[in-house]
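Trainee: Structure provided below as structure tokens; questions to follow.
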Ligand code: PGD
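Residue numbers (UniProt numbering): 1 to 849.
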């Protein structure tokens, strides 16, 4: 390896033009090798794992996994060069009409206007001025910076938190509640089991492998979704699913799609209910268990409340409809025999019900997990080795035993800025300036101004997937989990690290809503559809162009990984940290000092986070690890790896509750599992009753007068992370006729006269897209699969040429309880596309002057 001369850290600060006068270097520059490797291998981390990136003459030529834990292939790990060199935004850009007159910026031209290259300093001034103007004219509740998205790995360059830090210090903003992943479950589960469950450690994998006799993978696709993790995947989940396959335990997969996981478990039983009918299937099983007296009465008695109030509904005493196997079979199209067989199998074996999150991303999405827990209560295995339910085995390697070691912290956005009567920045809610002008963190300096605007703005935060509704209906009041929320009047949007024009449902509605604000700013490495729909775009670096640090394994906390800068920053790209530091400076000189904590560089933060973990590790008696002081760690180009403990390997979720439900009561009002919730009863919602309920979705295959023929499922893609990696050459391997593939059942395709490789038009009353047909028996009849995440690419008639599923999805909430998105509730029509195929422009630059 040839290393360039170690950069002096002073040089790094000098490269931050607008805050170059702020210096606070806490490092011994000479001890730390911060130089770029011109030829050799560099270790970094991404959501898709620890990567060894190959560099030649200062350019990336390839990448591969740093280590392998199983035979399961992860294609996402090989395209780092495309992530750096393709489809990038090169310079700061402003939309022509906005630049001409920010007060009358012609919002209807977003996505159509030409773009103008501007100087970075000018773009910074423009954004600072317009933000100030908005706050002055309309208050801080007119500024929306919820900015949802998966961003990149890294605890320093965490774009969303960096944005929030800036917005909190500079005067407040409206944020968002919940997320697109688990919105329904994270609200219903605390009412049922007292914790959100979806982001909690699961019964440890070694316990499952030892004790479970049956594993049910219910609406989850771990062989695909474990390719990525929120921090960076440790890939340990693959290892355990591989062991599960080798164990010859009974695996049952319940999913309308024969997913990558169903294909991987080739000996597993695949059961395909109609989409959105899992609640009915669970109820049919529950009814059979109840009427055959095959349920655990002691568990129901000792650990739950409200079963007696649920039973009249299950048996039909309450509404005249018995939720028996016949009823369930009519709805789900699973035979009565199979439903009974499932009930017997679950009851007679130690059964682990592993559920994914897709089924709660549907209308009434609060119900499936509530009913799953109710079923698990009847089986009485919650808190026992290898039994019960788990809502996170498919995500970020849930169930991988937690390691004992250090945990690194990250950038925070907790402080709010305080301004005096003249409008000058004088400090923050947890810090003030000393007589030398240095920012000193301490508590209780708040004179009240900061906190009051924070409260004002947080009052207006709304459920994240209501964004289009909120933009279109300022002042409207909605119900949410027992509260009322009034939408703010948003006039300024700042988005980083997310791609709403791909991730949000009913894109055409979002497009209309997006015309409402006066200003939209986006920091993005690529010309994504969201960047193309903005007014001002700052080119952001990718994680390969900056230094950072991450952990792997959101549950295991297994590794601390140096994320080393691999190559020079692309063209005029800047780190989000740089952009927000400079915006802070342009807003108020002293604000930048507080924002950067006296001018800390990325290395100052990295070292601070690492040292925190190092201190933790050194304070744990008898802990043997190879953790070295920071400089040695960084220079070694290797992760620090911690080991799990016998306790974490034998850990059982709800084990303590089972042992003593009084001493270890759950966080519910009763301290027990609530099959009937009085809290929800008091909300009196028509779309979320106090016990699990089957509701007919607004669109599904069993409805009368279907508005369209096929049920579209739009699960997470196997070959991307949402929309990330979409523009890489990995796409060449899965796209069909250069479009997103749509899986169509063989019989359906025959009826439609469609074959693999055909270009098809998929449409409903909400919009239309083009897709490439993949005819297969891996999807049940009447269902089509179109993965979410294809970049929205509209032609002048609004036809998406690339195949973005959300053009066809509905934008209504799960219910008044959680207001989650319902992306998996949508019917669509399909036909062979006639005429000349339009040219794909999803990955091309917009028109630039
Ligand atoms: P990503 O593609 O990860 O999707 O939606 P999300 O917006 O999270 O977008 C991240 C963006 O951040 C990318 O454009 C990337 O380039 C950018 N980015 C990455 N790193 C940086 C950085 O350092 N700085 C800046 N400024 N930008 C950066 C995902 C969302 O989609 C989620 S989480 C879920 S669970 C939903 N799932 C579905 C679904 O199942 N079905 C449908 N139909 N729709 C869904 N939408 C939701």
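We put the CB at the ideal spot given by N, CA and C, even for glycine.
Please classify residue 674 as buried or exposed, where buried requires at least 16 neighbouring CB atoms within 10 angstroms.
Mentor: The residue is buried, with at least 16 neighbouring Cβ atoms inside 10 Å.
Trainee: So, at 7 Å on beta carbons, what are the nonlocal neighbours of residue 265 in its own chain, with the 5 sequence-adjacent residues on each side left out?
Mentor: Result list for residue 265: 245, 251 and 253, in chain order.
Trainee: Just checking residue 66 against the ligand PGD - is the residue's beta carbon closer than 6 Å to any of the ligand's heavy atoms?
Mentor: Not under cutoff, so the answer is no.
Trainee: Flag residue 221 as yes when its Cβ comes closer than 6 Å to any non-hydrogen atom of the ligand PGD, and as no otherwise.
Mentor: Residue 221 Cβ: outside cutoff for every heavy atom of the ligand PGD.
Trainee: Considering only heavy atoms of the ligand PGD, does any lie closer than 6 Å to the CB of residue 844?
Mentor: Incorrect: residue 844 has no Cβ contact closer than 6 Å to the ligand PGD.
Trainee: Mind checking which residues open and close the alpha helix (DSSP H) that includes residue 319?
Mentor: Run containing residue 319: none; DSSP gives neither H nor E here.
Trainee: Below 6 Å, is the gap between the Cβ of residue 150 and the nearest heavy atom of the ligand PGD?
Mentor: Checking the Cβ of residue 150 against the ligand PGD gives yes.
Trainee: So for residue 692, helix, strand or coil by DSSP?
Mentor: Note: residue 692 maps to coil in three-state DSSP.
Trainee: Given 6 Å as the limit, tell me if residue 717 has its C-beta closer than that to any heavy atom belonging to the ligand PGD.
Mentor: Because no heavy atom of the ligand PGD lies under 6 Å away, the Cβ of residue 717 does not count as near it: no.
Trainee: Looking at the structure shown, is residue 62 part of a helix, part of a strand, or coil, going by DSSP?
Mentor: It is a strand residue.
Trainee: Please determine if the stretch 678-685 and the stretch 797-809 are in contact, where contact requires at least 3 C-beta pairs separated by less than 8 Å.
Mentor: Counting Cβ pairs under 8 Å, fewer than three are found: no touch.
Trainee: Using the Cα positions of residue 24 and residue 585, report the straight-line distance between them to the nearest angstrom.
Mentor: Annotation note: pLDDT 36 at residue 24 (below 50); position unreliable, coordinate value reported separately. Each residue's Cα considered, the two are about 16 Å apart.
Trainee: Could you check if residue 740 belongs to the surroundings of the ligand PGD, using beta carbon to heavy atom distance under 6 Å?
Mentor: Every heavy atom of the ligand PGD is 6 Å or more from the Cβ of residue 740, so no.
Trainee: Based on DSSP bridge pairs, tell me the residues matched to residue 856.
Mentor: For residue 856 there is no data in the structure shown, the boundaries of the chain being 1 and 849.
Trainee: In or out: residue 56 buried (at least 16 other Cβ within 10 Å) or exposed?
Mentor: Looking at its Cβ environment, which holds fewer than 16 other Cβ atoms inside 10 Å, residue 56 is exposed.
Trainee: Are three or more beta carbon pairs between the stretch 54-69 and the stretch 565-572 nearer than 8 Å?
Mentor: Touching, yes, given that three or more Cβ pairs across the two stretches are closer than 8 Å.
Trainee: Does the Cβ of residue 366 have 16 or more other Cβ atoms within 10 Å, making it buried, or fewer, making it exposed?
Mentor: Counting Cβ neighbours within 10 Å, residue 366 comes out buried, since at least 16 surround it.
Trainee: Assess, as a yes-or-no matter, whether the stretch 653-662 is touched by the stretch 383-394 under the definition of 3 or more beta carbon pairs within less than 8 Å.
Mentor: Taking 8 Å as the limit for Cβ pairs, the verdict is that the stretch 653-662 does touch the stretch 383-394.
Trainee: For the stretch 686-701 against the stretch 268-279, are there 3 or more C-beta pairs whose distance is under 8 Å?
Mentor: Counting Cβ pairs under 8 Å, three or more are found: they touch.
Trainee: Taking residue 655 as part of the alpha helix (DSSP H), name the residues at either end of that continuous run.
Mentor: Unbroken alpha helix (DSSP H) run through residue 655: 655-659.
Trainee: So is the beta-carbon of residue 537 under 6 Å away from any non-hydrogen atom of the ligand PGD?
Mentor: Checking the Cβ of residue 537 against the ligand PGD gives no.
Trainee: Could you check what DSSP says for residue 479 in three-state terms: helix, strand or coil?
Mentor: Strand, per DSSP.
Trainee: Kindly indicate which three-state DSSP category residue 54 falls into: helix, strand or coil?
Mentor: Note: residue 54 maps to strand in three-state DSSP.
Trainee: Contact between the stretch 161-170 and the stretch 604-613 is defined here as three or more beta-carbon pairs at a separation below 8 Å; is this criterion met?
Mentor: Taking 8 Å as the limit for Cβ pairs, the verdict is that the stretch 604-613 does not touch the stretch 161-170.
Trainee: Let me know the secondary structure DSSP gives residue 411 once reduced to three states.
Mentor: If DSSP states are grouped into helix, strand and coil, residue 411 belongs with coil.
Trainee: Going by the beta-carbon positions, is the gap between residue 414 and residue 814 smaller than 7 Å?
Mentor: No, the Cβ-Cβ distance between residue 414 and residue 814 is not below 7 Å.
Trainee: Which two residues bound the contiguous beta strand (DSSP E) that contains residue 788?
Mentor: Run containing residue 788: none; DSSP gives neither H nor E here.
Trainee: Using the Cβ count rule (16 or more neighbours within 10 Å means buried), how would you classify residue 397?
Mentor: Counting Cβ neighbours within 10 Å, residue 397 comes out buried, since at least 16 surround it.
Trainee: For residue 491, count neighbouring C-beta atoms within 10 Å of its own C-beta (all shown protein chains included) and say buried if the count is 16 or more, exposed if not.
Mentor: Buried, by the Cβ-count rule.
Trainee: What does the Cβ neighbour count give for residue 446, buried or exposed, with the cut at 16 atoms within 10 Å?
Mentor: Reliability fails at residue 446, whose pLDDT of 46 lies under 50, so the model's placement of it is uncertain and no value is given.
Trainee: Could you check what DSSP says for residue 708 in three-state terms: helix, strand or coil?
Mentor: If DSSP states are grouped into helix, strand and coil, residue 708 belongs with coil.
Trainee: DSSP three-state label for residue 301, please.
Mentor: Three-state result, residue 301: helix.
Trainee: What would DSSP say about residue 812, mapped onto helix, strand or coil?
Mentor: Coil.
Trainee: In its own chain, which residues sit with a C-beta less than 8 Å from the C-beta of residue 498, not counting the 5 before and 5 after it?
Mentor: Around residue 498: 147, 148, 149, 150, 151, 160 and 530.
Trainee: With residue 157 and residue 576 assumed to form a contact (beta carbons below 8 Å), what rounded beta-carbon distance in angstroms separates them?
Mentor: Contact flag correct, Cβ pair sits at about 6 Å.
Trainee: Buried or exposed for residue 390, please, with buried defined as at least 16 other CB atoms from any protein chain shown within 10 angstroms of its CB.
Mentor: Buried, because 16 or more other Cβ atoms sit within 10 Å of the Cβ of residue 390.
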